[in-house]
Structures are given as C-alpha cells and as structure tokens.
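Colleague: In this note's numbering, the protein residues as written are 2 to 281. Positions of the beta carbon are idealized from the N, C-alpha and C atoms, including for glycine.
(1) Less than 8 Å between the CB atoms is what I'm expecting for residue 142 and residue 124, so what's the real figure, rounded?
(2) Along the chain, where does the alpha helix (DSSP H) that runs through residue 289 open and close?
(3) Taking DSSP as the reference, what is the three-state secondary structure of residue 232?
(4) Thinking just about the alpha-carbon of each residue, which of 21, 189 and 17 is nearest to the one in residue 55?
(5) What is the rounded straight-line gap between the Cα of residue 248 and the Cα of residue 50?
(6) Assign residue 160 to buried or exposed, taking buried as 16 or more other Cβ atoms, counted over all protein chains shown, within 10 Å of its Cβ.
(7) DSSP state of residue 139, grouped into three classes?
(8) So is the beta-carbon of residue 42 under 8 Å away from any non-hydrogen atom of the ligand ZN?
(9) From this set, 241, 21 and 8, which residue's C-alpha is nearest residue 263's C-alpha?
(10) Specify whether the segment 62 to 80 and the segment 211 to 222 touch according to this definition: at least 3 beta carbon pairs, one from each stretch, less than 8 Å apart.
(11) What residue range does the beta strand (DSSP E) around residue 159 cover?
(12) Residues bridged to residue 43 by DSSP?
(13) Hey, out of 232, 37 and 221, whose CA is closest to residue 208's CA?
(14) Can you list, in chain order, the residues of its chain with a C-beta nearer than 8 Å to that of residue 13? Leave out the 5 residues immediately preceding and following it.
(15) How big is the Cα-Cα spacing for residue 1 and residue 265?
(16) Please determine, among 148, 122 and 114, the residue with the shortest C-alpha to C-alpha distance to residue 136.
(17) Apply the 10 Å Cβ neighbour rule to residue 267 and answer buried if 16 or more other Cβ atoms are within range, or exposed otherwise.
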C-alpha cells in the first residue's frame, strides 16, 4: 500500500484472511498498527532509504524560497522579461553564510545539516536527545532549545516525526519568535505546523516565506489560502520522488511482503511483537 491507503479497523474487518501489510513508505500513520498487530498481521515499511532524497528536496525548497525561483520561472514564461529589471526586481535573500536551524536531528536532519555546510551555514539543532559534545563537534553543529533556535535562525527546517508532542509544535507563538526575514521549510509531516497560524504569519509578514512539501490535509484543499500566497513554495509531498529512491522503496516493500509469505522475517518490519500472536 501507499500512504493514501487507509488500513484501519474498517478495512481490517473486511479482510479476515489478511496476513501482511507492506507499505512503500517510511510513514505509517495510515495504518492502525495496534489493531493489525492484535490480529496477527505483519507490517513492513521502508525506512532509511529516502534520507538523501528528502534532504535534497528540503534544501531545494530552501533555495527556491530564498531566491524566488517559482516567481522567476512564471515571470519568464509569461513573456514579461522585456527589459533589464530594476536592482530590486524579483530579488530574494542570500543563503551563503546564514544560519540554519534544524528541528529533529534524525537521519534526514543530519543529512540536511551536511548540505548546509556546503553553503558555509552555521547550523543549530534541537532534538529530544542532545548529542554528545564530540558528536556535535564532528557534525559542526550547535545545540539550542527550540525558542532560541527559532530566534537565531535565518532558515528553519523541520525533520521531526509527528507525535502527540510535536503536533502543532510550530504554532503562532513560535512563529512570532522567528525573524521577519526568516524562512521555514517543512518536509516532515504537515501537522507539525499549525497551518492556520502559518497562513497568518505569511500574510502579515511575521516571517518572509515558507517551503512546504507536506500539509495538514493531503491532497491540499483547493480552497487552502496557502495557494493564494506568493511567499510560499508548494510541492505535492514528493520527498522520496526520485527514480533511485522510489525504486529502492518498492523493492524493499516487495521483499517485506514476500518474506512473510515465505515464513521468514521481513527485512524491515514495524511490529516484531506480532510473532508472538501469529508465529512465522
């Protein structure tokens, strides 16, 4: 299955013969893991494969928002480039030498920090577990509490999982801490950001812009006010959308599925405790 397929109790009630669910994704919010496990259903997923592709996209959104790439593309396609523009025409903001704040220093957060070093960015991070001083020195990053990170950063990139503690982690109060020139990037989960508050922040210029791959409702509602704003770059949840990454995810999803059907442990599964309910 894919993230758009709801594997919930209603689905499971209709599939008494089901043995295994294999999702071609690292996220599993679309699967009722507890209910499936209770019924002895194995669940495979595909973590660790999309790290670089998602970090690439996050940095692409950062650059695109900073340099107004979508607006520039539209300007040229509309045949509006007839004279040399003024010094202030379609001007953006520099990325080189600025400060990046990474919220959530898992695999993708670390990969984002690595990319930032190529732009001589100062990298701050916050996470539920702080690294050792040696690890921080090795990665060239500095720890900050969330509020301090938001105040200091020119760009903020979200890489935290969606949990009860991180839902609407970035709300109106947090957005007001950011610099008016700052940009926020979200390639994690839409609900980590309070979308209504973000719209207000963009409209009232609490912050300069945003680059979003994920939304609170997906696909995005055609009436979503984000669609009318010119200081936000929007893409349709394509963090893993490269030929190499999607191919590897599909292969792992197939291997997870076949392994269970053959009675062997899948390469990557969410619920090893299910074996106590229905042994392989």
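Modeller: This is what the structure holds:
(1) Against the chain shown, residue 142 aligns to sequence position 141. Against the chain shown, residue 124 aligns to sequence position 123. That belief holds up - the Cβ atoms of residue 142 and residue 124 are roughly 4 Å apart, short of 8 Å.
(2) In the structure as shown, the chain starts at 2 and stops at 281, and residue 289 therefore has no counterpart that could be examined.
(3) As a working note, residue 232 is residue 231 in the chain shown. Coil.
(4) Along the chain shown, one-based indexing puts residue 55 at 54. Selected option, being the one with the closest Cα: 189.
(5) By one-based count along the chain shown, residue 248 stands at place 247. By one-based count along the chain shown, residue 50 stands at place 49. Computed Cα separation, rounded: 10 Å.
(6) Within the chain shown, numbered from 1, the residue matching residue 160 stands at position 159. Residue 160 comes out buried.
(7) The residue given as residue 139 occupies position 138 in the chain shown. Residue state, collapsed to three classes: helix.
(8) This structure lacks the ligand ZN, and indeed carries no ligand of any kind.
(9) Against the chain shown, residue 263 aligns to sequence position 262. The option with the nearest alpha carbon to residue 263 is 21.
(10) By the Cβ criterion, the segment 62 to 80 is in contact with the segment 211 to 222, since at least three pairs of Cβ atoms, one from each stretch, lie closer than 8 Å.
(11) Numbered from 1 along the chain shown, position 158 holds the residue referred to as residue 159. If you look at residue 159, you'll find it in the beta strand (DSSP E) that goes 156 to 159.
(12) What you label residue 43 is simply residue 42 of the chain shown in a count that begins at 1. Within the DSSP bridge table, the entry for residue 43 names 21 as partners.
(13) Mapped onto the chain shown, residue 208 falls at position 207. Here the closest residue by C-alpha is 232.
(14) For this step, residue 13 is matched to residue 12 along the chain shown. Beyond the five residues adjoining it in sequence on each side, residue 13 comes within less than 8 Å, by CB distance, of 19, 33, 36, 37, 40 and 42 in the same chain, given in chain order.
(15) Residue coverage of the chain in this structure runs from 2 to 281, which leaves residue 1 outside it and unanswerable.
(16) Taking the chain shown and counting its residues from 1, one reaches residue 136 at position 135. The shortest Cα separation from residue 136 among 148, 122 and 114 belongs to 114.
(17) One-based indexing of the chain shown puts residue 267 at position 266. Burial call: buried.
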